[in-house]
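Taking it in order: structure first as C-alpha cells, then the write-up.
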Amino acid sequence: MRPVALLTDFGLADHYVGVLHAVLEREAPGVGRIDLGHQVPPGDVWTACFLLRCAWSSLPADAVVLAVVDPGVGGDRRPLAARIGGRWLVAPDNGLAAAIGVAAEVVTLDWQRMGLATPSATFHGRDLFAPAAARLARGDDPATLGDRVAPDGLEPCPIPEPDGNGGTWHAVVIHVDRFGNLITNLRAAAVLQTAVAWYGAPRPARRAGSYSEAAPGEVVLLEGSAGLLELAVNRGSAAALTGLSRGDDVDIASGT
Amino acid sequence: MRPVALLTDFGLADHYVGVLHAVLEREAPGVGRIDLGHQVPPGDVWTACFLLRCAWSSLPADAVVLAVVDPGVGGDRRPLAARIGGRWLVAPDNGLAAAIGVAAEVVTLDWQRMGLATPSATFHGRDLFAPAAARLARGDDPATLGDRVAPDGLEPCPIPEPDGNGGTWHAVVIHVDRFGNLITNLRAAAVLQTAVAWYGAPRPARRAGSYSEAAPGEVVLLEGSAGLLELAVNRGSAAALTGLSRGDDVDIASGT
Amino acid sequence: MRPVALLTDFGLADHYVGVLHAVLEREAPGVGRIDLGHQVPPGDVWTACFLLRCAWSSLPADAVVLAVVDPGVGGDRRPLAARIGGRWLVAPDNGLAAAIGVAAEVVTLDWQRMGLATPSATFHGRDLFAPAAARLARGDDPATLGDRVAPDGLEPCPIPEPDGNGGTWHAVVIHVDRFGNLITNLRAAAVLQTAVAWYGAPRPARRAGSYSEAAPGEVVLLEGSAGLLELAVNRGSAAALTGLSRGDDVDIASGT
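Chains as they are written, first to last, in the numbering used here: chain A, 23 to 278; chain B, 23 to 278; chain C, 23 to 278.
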C-alpha cells in the first residue's frame with residue numbers, strides 16, 4: 023500500500039484533520055499516514071505550494087499526497103489527481119500540482135464514478151479528496167476516479183519566480199518559518215558564494231555557510247535546506263530583526 | 023486490531039498526547055492511531071462533545087475512541103467504556119458518550135481488575151483510559167476492564183437542543199471553527215431551503231447552497247458538513263464580521 | 023521493527039516535522055511513529071529535556087527516540103545515538119541524553135559512514151538524525167552509524183536539581199503546562215505528605231492528594247504525573263493565579 027501524506031489549512035482545533043485520517047484508515051486500513059502540516063493560513067495556496075515543494079523530494083517515492091487548501095470549495099475549480107514522477111497529488115486545481123512540476127498523468131475526481139455519496143457543500147476533503155487518495159493508496163486504477171484530462175492546462179503556482187540574471191537578482195521573501203528565517207525564491211545555485219543581499223539595511227547581508235559562522239545578531243544570507251537563499255540570524259529571528267515579511271523584496275548581487 | 027482515535031484537551035505543547043500514543047503503541051503494537059484533536063479548550067466538555075459528534079460517523083466502523091477531556095480527574099466521575107454501534111468510546115462519564123447516542127453496552131474501568139498500577143492523581147489518560155483503549159483495540163473481552171453497568175444512567179451531553187418548531191427556531195451557536203464559521207445546533211433538515219437567520223444584524227442572512235453563492239462579505243446561512251446550519255462568509259470569517267461567539271442566539275425562520 | 027518517537031522544536035506551521043516523518047517512512051516503511059511534541063520553544067533544550075524525561079518510561083521498551091532540538095546545528099556539537107536501557111535516543115549532544123540517565127552505549131553519527139549525501143547546513147534532522155533513527159528502527163548494527171564513544175563525556179542536562187535536604191528544599195519551577203500547573207524539580211517522594219510550599223503568597227500552599235481536594239481558587243501542592251511536586255489549582259491555572267513562571271523559586275518544607 024502507498025503511504026499518504028496530508029497537507030491542509032484546516033488547523034488542529036476542529037475535527038477536520040482527524041476526519042481525513044479517519045476516512046483514510048476506514049477506506050485503506052493500515053495505510054501509512056504522514057502529516058505534512060495543517061497550519062497553512064486559511065485559503066493560502068501560496069504557502070501550501072511552498073510547503074509541498076519543500077517536502078516533496080523527502081517523501082517515499084510512491085507516496086500519495088492529499089493536499090486540501092481549497093478556498094474555492096463548492097465553486098467550479100476542478101478536483102484532480104495528478105501523477106508527478108512516481109507520486110500522486112490529490113488536490114483542487116489551484117496551483118498545487120504546478121508548484122511541483124509537470125504532471126505525467128491527470129484525472130479529474132468524479133464522485134459518481136467513484137460511487138460516493140453526494141458531497142457536502144463545504145467539506146470535499148472528507149467527501150471526495152480523501153476517498154480518492156485512499157483508492158490510489160490501495161492501488162486502484164486511476165481511471166476509476168474520473169476522466170483523464172490533459173496535464174498541460176493546470177492552474178499555475180502563485181509563487182513568483184525571481185527576476186534578474188547571474189549578476190543581480192530581485193528576489194522576494196516567499197516564506198517566514200517558525201525560527202524567523204526569511205526564505206527567498208532564489209536558488210543558492212544561481213549566485214556565487216560571495217553574494218550579498220540588500221534588504222533595506224544600510225549594509226548588505228553577507229553569505230555564510232552555516233548559522234555558526236554568523237556573529238551574534240548578524241543577519242546573514244544562507245542556503246536553506248530547500249536549496250533557497252534565506253536571511254537568517256544565529257539563535258535569533260531574522261524576521262524580528264529586519265521587520266521583513268512575505269512578499270518583501272531582497273536584492274541579491276553575486277558580488278566579486 | 024481495531025484502530026484507536028484520540029480526542030483530548032491536552033494541547034500539543036506538553037508530553038501528554040505523546041504519552042497516550044506511547045502507551046497505545048506499547049500495549050497494542052502496530053495499532054492504527056488517529057488524532058481527532060487535542061486543542062479542546064481545557065476542561066471544555068461541550069467542545070469535546072461537538073467534535074466527537076462531528077467525527078463519529080467518519081470513523082472506521084470498529085474504531086475505539088479514546089476521549090480524555092476530564093475536568094473531574096481524581097474526583098468521583100466514573101471512567102467508562104461504552105459501545106455505541108460497533109465502536110467503543112473510552113472516556114470519563116461526563117457527557118461524551120451521551121453526545122453520540124445510546125450505548126448498547128457500558129463497563130466501568132477498574133484499574134485493579136485490569137492489573138494496572140495505582141493511577142496517579144492527575145493523569146488517568148495515561149494510567150487508565152489509554153490502557154483500556156489498547157485492550158479493546160486488541161480485542162480483549164470488555165468484561166476484563168470492569169463491571170458492566172446500565173447504559174441509561176450516563177451523564178447528559180451539555181450541548182443544548184434547539185428550541186422551537188418547524189416554523190421558527192431559537193438556535194444557538196455551538197462552535198466557531200478555524201475559518202470563523204458559526205455552527206448552530208439546528209439541523210438543516212429541520213427548515214425549508216428558503217429559511218433565513220436573524221442574528222442581530224438589521225437584515226437576516228439568507229440560505230445559500232455553497233460559499234460560492236454568497237456575495238463578497240455577505241453572511242449566509244449554509245448547511246455545514248455535519249448537517250447543521252451555520253453562518254458563513256465566502257473567503258471570510260463570519261465570527262469576525264458578526265462578532266458572534268459560542269452560546270449566542272440565532273433565530274432561524276423557515277421563510278416562505 | 024522498533025517504533026520511533028519524535029520530539030522537536032520545529033513547530034507545526036512549516037514542513038519540517040512532516041519531512042522527518044516522510045524520511046522515517048521512506049527509510050523504514052511501516053515503522054510506528056509517535057509524536058512526543060514539536061512545540062518546544064525554539065532552541066529550548068531545557069524544555070526538551072523535561073518533556074523527554076516525563077515521556078521516557080511510557081514508551082515501548084524498544085523505542086527509538088528522535089529528538090531534534092538543536093540550537094547548535096552546523097556548529098561542532100556532536101550528533102549521537104545513545105542507548106539507555108533498551109531504548110535508543112538519537113539527538114545532538116546538548117543535554118538530552120543526560121536528562122534521561124546513563125547511556126550504556128553511545129555512537130557518533132557519521133553521514134559518510136552511513137552513505138548519506140552531504141548534510142545541508144540547517145536541517146540535520148532530515149539529513150542525518152532521521153536517517154539514523156530509521157536504521158536503528160530497522161535493526162541495523164549501531165556500529166554502521168559511526169564511531170563508538172565513551173558514554174561518560176556527554177553534555178549535562180541544563181535542568182537544575184533541587185537544593186536542600188529532607189527538611190526544607192529550595193525548588194524551582196521547571197515547566198508550566200497547558201493547564202497552568204507549575205511543575206517543580208522536587209520529587210514528591212523527597213518530602214512528607216504534610217509538606218507545604220512557600221511561593222511568595224502570604225500563606226503557603228498545602229499538600230493535596232488530587233485536584234478535587236482543593237477549595238475553589240486554592241493553590242495546592244500536588245504530586246504530578248511524573249512524580250514531581252507541582253503547584254496546581256482545581257479547574258484553574260496556578261500560573262495565572264500566582265504569576266509564577268519557569269525558573270521561579272518555590273520553597274518546600276516537609277512540615278510536621
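Every residue gets a Cβ at the ideal spot worked out from N, C-alpha and C, and that includes glycine. As the structure is a prediction and not an experimental result, all values here were calculated from the model.
Is it buried or exposed for residue i, if we count other Cβ within 10 angstroms and need 16 for buried?
{"i": "A227(C)", "result": "buried"}
{"i": "E252(C)", "result": "buried"}
{"i": "G123(A)", "result": "exposed"}
{"i": "L118(C)", "result": "buried"}
{"i": "D169(C)", "result": "exposed"}
{"i": "G40(B)", "result": "buried"}
{"i": "G97(B)", "result": "exposed"}
{"i": "N187(A)", "result": "exposed"}
{"i": "G258(B)", "result": "buried"}
{"i": "G59(B)", "result": "buried"}
{"i": "G189(C)", "result": "exposed"}
{"i": "A113(B)", "result": "buried"}
Measuring alpha carbon to alpha carbon, tell me which of the options ends up nearest residue i.
{"i": "S247(A)", "options": "D270(C), D163(C), A27(C) and Y38(C)", "result": "Y38(C)"}
{"i": "P173(C)", "options": "G40(C), H43(C) and L111(C)", "result": "L111(C)"}
{"i": "G161(B)", "options": "F32(B), W220(B), P238(B) and P51(B)", "result": "P51(B)"}
{"i": "V198(A)", "options": "A70(A), L28(A) and R24(A)", "result": "A70(A)"}
{"i": "A104(C)", "options": "A89(C), G96(C) and G97(C)", "result": "A89(C)"}
{"i": "V95(C)", "options": "H146(A), P63(A) and E235(A)", "result": "E235(A)"}
{"i": "W78(A)", "options": "A223(A), L28(A) and G40(A)", "result": "L28(A)"}
{"i": "R24(C)", "options": "A260(C), R209(C) and P82(C)", "result": "P82(C)"}
{"i": "R200(C)", "options": "E49(C), I106(C) and S267(C)", "result": "S267(C)"}
{"i": "P184(C)", "options": "V255(C), A125(C) and A212(C)", "result": "A212(C)"}
{"i": "I106(C)", "options": "P238(C), A126(C) and M136(C)", "result": "A126(C)"}
{"i": "D115(C)", "options": "G108(C), L176(C) and A156(C)", "result": "L176(C)"}
{"i": "R157(A)", "options": "W133(A), H192(A) and G189(A)", "result": "W133(A)"}
{"i": "A275(A)", "options": "P64(A), R209(A), G239(A) and R48(A)", "result": "R209(A)"}
{"i": "A237(B)", "options": "A254(B), L34(B), D271(B) and D270(B)", "result": "A254(B)"}
Reducing DSSP to helix, strand and coil, say where residue i ends up.
{"i": "D64(B)", "result": "Note that residue 64(B) is Pro in the sequence shown, not Asp. Looking at P64(B) - three-state DSSP - the assignment turns out to be coil, as it is neither helix nor strand."}
{"i": "G175(A)", "result": "helix"}
{"i": "P93(A)", "result": "coil"}
{"i": "A119(A)", "result": "helix"}
{"i": "H146(B)", "result": "helix"}
{"i": "L29(B)", "result": "strand"}
{"i": "H43(A)", "result": "helix"}
{"i": "T216(B)", "result": "coil"}
{"i": "R55(B)", "result": "strand"}
{"i": "E245(A)", "result": "strand"}
{"i": "E240(C)", "result": "coil"}
{"i": "L34(C)", "result": "coil"}
{"i": "L250(A)", "result": "strand"}
{"i": "R225(A)", "result": "coil"}
{"i": "L190(B)", "result": "Reading the sequence as shown, one finds Thr at residue 190(B) and not Leu. It is a strand residue."}
{"i": "R209(B)", "result": "strand"}
{"i": "E235(A)", "result": "helix"}
{"i": "E49(A)", "result": "helix"}
{"i": "A139(C)", "result": "coil"}
{"i": "A230(C)", "result": "strand"}
If residue i and residue j are in contact, beta carbons under 8 Å, what's the gap, nearest whole angstrom?
{"i": "I56(A)", "j": "A85(C)", "result": "Their Cβ separation, rounded to whole angstroms, is 19 Å, which puts I56(A) and A85(C) out of contact at 8 Å."}
{"i": "L74(C)", "j": "A121(C)", "result": "6 Å"}
{"i": "L244(B)", "j": "A219(B)", "result": "10 Å between Cβ atoms; not a contact."}
{"i": "P101(A)", "j": "L150(A)", "result": "6 Å"}
{"i": "L46(A)", "j": "R148(A)", "result": "Going by Cβ atoms, the distance from L46(A) to R148(A) rounds to 10 Å, so no, they are not a contact pair."}
{"i": "Q215(C)", "j": "R229(C)", "result": "6 Å"}
{"i": "V171(B)", "j": "T130(B)", "result": "6 Å"}
{"i": "V194(B)", "j": "P182(B)", "result": "6 Å"}
{"i": "T144(C)", "j": "Y233(A)", "result": "7 Å"}
{"i": "V26(A)", "j": "V53(A)", "result": "6 Å"}
{"i": "A260(C)", "j": "N203(C)", "result": "6 Å"}
{"i": "D31(A)", "j": "D66(A)", "result": "6 Å"}
Residue i bridges to which residues according to DSSP?
{"i": "T69(C)", "result": "T69(C) pairs with nothing; no bridge assigned."}
{"i": "D110(A)", "result": "Reading the sequence as shown, one finds Trp at residue 110(A) and not Asp. V86(A) and R105(A), per the DSSP bridge assignment."}
{"i": "V22(A)", "result": "Examination of residue 22(A) is not possible in this model, given that chain A is present from 23 through 278 alone."}
{"i": "R170(B)", "result": "V129(B)"}
{"i": "D98(B)", "result": "D98(B) is not bridged to any residue."}
{"i": "A275(B)", "result": "T190(B) and V218(B)"}
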